[in-house]
Amino acid sequence: MQSSDTTKASASSSNSEEEASIIDSITARESQKTAEQKAQDKSTCEQYVQNGLKRDVTVQFLYERLLKLGCRPPDDLIRCVDCGTKPVAAGFGVVEEIDVSINTADSSTTTTTTRNANGNSSSSSCAQTQQEINTLIAKQNDGTATLKLLPDIFLCQQNIQNETHARESMAHELIHAIDMCRTKMDPINNCIHMACTEIRAENLAGECHWLRELQRGRMGTNFVGHGAECVKRRAIRSVKANPNCAEKAADYVDAAFDRCFKDTFPFDRHPNLR
């Protein structure tokens, strides 16, 4: 009887080890597939970026105008990154934190910490998360830090649907870069500034073209006013991402809409009408 129990225990142990080995094998294969998919997403996205910079007249025009305005962007201004589960296609800007700390030698000293789009030395992650941005803004609001926005454009490599989507996203973010270059825009603290640049980017980048709205199933029967409705809807969504502006996002967009919707700079007229 004792021998039988020992045999059963041995068999049970062997089965457990086999199950663990199978699970480990499956996990390893899934990890490999995930790594391969991420590499493929990144390669495809980077090709889209290069094609946009070399072939797309709108992207080229916006980039050249940025240079003519006197703002020389870094070579890696537009990058492809892994955004994890974040449901966005692209983004602009990295929040720089200027910490105000007490120093024994004098009353205070200001230390500037610059973060790249993923918050560390690696380029594989997405821009600062909403939680990180909320934390930084809370520090500013309680007086322990001041913030400013640094120019940086990222495309979320796993969320870019195709080359057209990539180019529209690049154009959108380049318009933000132009707005930052030509004005003293402070979209972190000035919600009207943020609303205006979002209205302009949504309006001029092609994301509210009637074909895009039709693909989203939002066209309805309002063919004449669909553009303005789309711009306003998408701008409100973007402004809500700023904790300083979220509560009254619709009010800020409404306040800025008429003037900023008509502002087609740097185009002489709306790109869809060219």
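Going by the numbering used here, the sequence shown opens with residue 618, and the numbers climb by one from there. Glycine included, each C-beta is placed from N, C-alpha and C at the ideal position.
At which residues does the beta strand (DSSP E) containing Arg886 begin and terminate?
Looking up residue 886 in the sequence shown gives position 269. Taken as a continuous stretch (DSSP letters only), Arg886 belongs to no beta strand (DSSP E), as it is neither H nor E.
Report all residues from its chain with a CB closer than 6 Å to the CB of Tyr665; omit the five preceding and five following residues, and keep chain order.
Taking the first residue of the sequence shown as 1, we reach residue 665 at position 48. If we look at Tyr665 and ignore the five residues flanking it on each side, its Cβ neighbours are Glu780, Ala783.
Let me know if Val674 comes out buried or exposed under the rule of 16 or more other beta-carbons within 10 Å of its beta-carbon.
Sequence index remark: in the sequence shown, residue 674 carries index 57 (1-based). Val674 is exposed by the Cβ-count criterion.
Using 10 angstroms around the beta-carbon of Phe878, count the other beta-carbons present and answer buried if the total reaches 16, otherwise exposed.
Indexing the sequence shown from 1 puts residue 878 at position 261. Under this definition Phe878 is a buried residue.
Return the first residue and the last residue of the beta strand (DSSP E) that Val698 is part of.
Position 81 of the sequence shown, counting from 1, holds the residue named residue 698. Here the beta strand (DSSP E) through Val698 covers 695-698.
Compute the beta-carbon to beta-carbon distance between Ala845 and Ile777, rounded to the nearest angstrom, for a pair I have assumed lies under 8 Å.
Sequence index remark: in the sequence shown, residue 845 carries index 228 (1-based). Sequence index remark: in the sequence shown, residue 777 carries index 160 (1-based). Incorrect: roughly 26 Å between the Cβ atoms, too far for contact.
If you measure between the beta carbons of Lys655 and Gln775, is that distance less than 9 Å?
Within the sequence shown, numbered from 1, the residue matching residue 655 stands at position 38. Within the sequence shown, numbered from 1, the residue matching residue 775 stands at position 158. In this structure, Gln775 lies closer than 9 Å to Lys655 by Cβ.
For Cys773, which of Asp759, Leu821, Phe709 has the nearest alpha-carbon?
Here residue 773 corresponds to residue number 156 of the sequence shown, with the count starting at 1. For Cys773, the nearest C-alpha among the options comes from Phe709.
So, do the segment 810-825 and the segment 784-799 have three or more beta carbon pairs nearer to each other than 8 Å?
yes
So the candidates are Glu785, Lys865, Ala812; which of them puts its Cα closest to the Cα of Asp875?
Working through the sequence shown from its first residue, we reach residue 875 at position 258. Out of Glu785, Lys865, Ala812, Ala812 has the C-alpha closest to the C-alpha of Asp875.
Kindly provide the ranges of any alpha helix (DSSP H) runs that are 4 or more residues long and lie completely inside the segment 800-837, ordered along the chain.
808-821, 827-833
Below 7 Å CB to CB, which residues in the same chain sit around Lys849 once its five sequence neighbours on both sides are set aside?
As a working mapping, residue 849 is identified with position 232 in the sequence shown. Taken in chain order, the residues that qualify are Val870, Phe874.
Along the chain, where does the alpha helix (DSSP H) that runs through Thr702 open and close?
Locating residue 702 in the sequence shown gives position 85, counting from the first residue. Per DSSP, Thr702 belongs to no alpha helix (DSSP H) and is neither H nor E.
Look up Phe771 in the DSSP assignment and give the residues it is bridged to.
Reading the sequence shown from its first residue, position 154 is the one you call residue 771. Its beta-bridge partners are Arg696, Gly708.
Classify Asp851: buried if its beta carbon has 16 or more other beta carbons within 10 angstroms, exposed otherwise.
Locating residue 851 in the sequence shown gives position 234, counting from the first residue. Here residue 851 is Arg; the residue named in the question, Asp, does not match the sequence. By the 10 Å Cβ count, Arg851 comes out buried.
If you follow the alpha helix (DSSP H) that Ile853 is part of, which residue opens it and which one closes it?
On the sequence shown, residue 853 is found 236 positions in, with the first residue counted as 1. Element bounds for Ile853: 843-856.
What number of angstroms, rounded off, separates the C-alpha of Ala858 from the C-alpha of Met797?
Translated into the one-based positions of the sequence shown, residue 858 becomes position 241. Translated into the one-based positions of the sequence shown, residue 797 becomes position 180. C-alpha separation (whole angstroms): 18 Å.
For Ala863, which residues from the same chain have a beta carbon less than 8 Å from its beta carbon, with the 5 sequence-adjacent residues on both sides left out?
The residue labelled residue 863 in the question sits at position 246 within the sequence shown. Once the five neighbours on either side are set aside, the close Cβ partners of Ala863 are Val856, Lys857.
By the three-class DSSP mapping on this structure, what secondary structure does Cys662 have?
Counted from its first residue, the sequence shown places residue 662 at position 45. In the displayed model, Cys662 falls within a helix according to three-state DSSP.
What's the C-alpha gap between Thr651 and Gly701?
Position 34 of the sequence shown, counting from 1, holds the residue named residue 651. Position 84 of the sequence shown, counting from 1, holds the residue named residue 701. For Thr651 and Gly701, the distance between alpha carbons rounds to 11 Å.
Which same chain residues, not among the five before or five after His810, have their C-beta less than 6 Å away from its C-beta?
As a position in the sequence shown, residue 810 is number 193, starting the count at 1. For His810, where only same-chain residues beyond five positions count, the Cβ hits under 6 Å are Met802, Asp803, Pro804.
Taking the alpha helix (DSSP H) that Leu684 belongs to, which residues open and close that run?
Sequence index remark: in the sequence shown, residue 684 carries index 67 (1-based). First-last of the alpha helix (DSSP H) with Leu684: 674-685.
Is it buried or exposed, Glu681, if we count other Cβ atoms within 10 angstroms and call 16 or more buried?
Start at 1 with the first residue of the sequence shown, and residue 681 comes out as number 64. With fewer than 16 Cβ atoms within 10 Å of its Cβ, Glu681 is classed as exposed.
Roughly how many angstroms lie between the CA atoms of Thr752 and Ala872, to the nearest whole one?
Position 135 of the sequence shown holds residue 752. Position 255 of the sequence shown holds residue 872. Between Thr752 and Ala872, the alpha-carbon positions lie close to 28 Å from each other.
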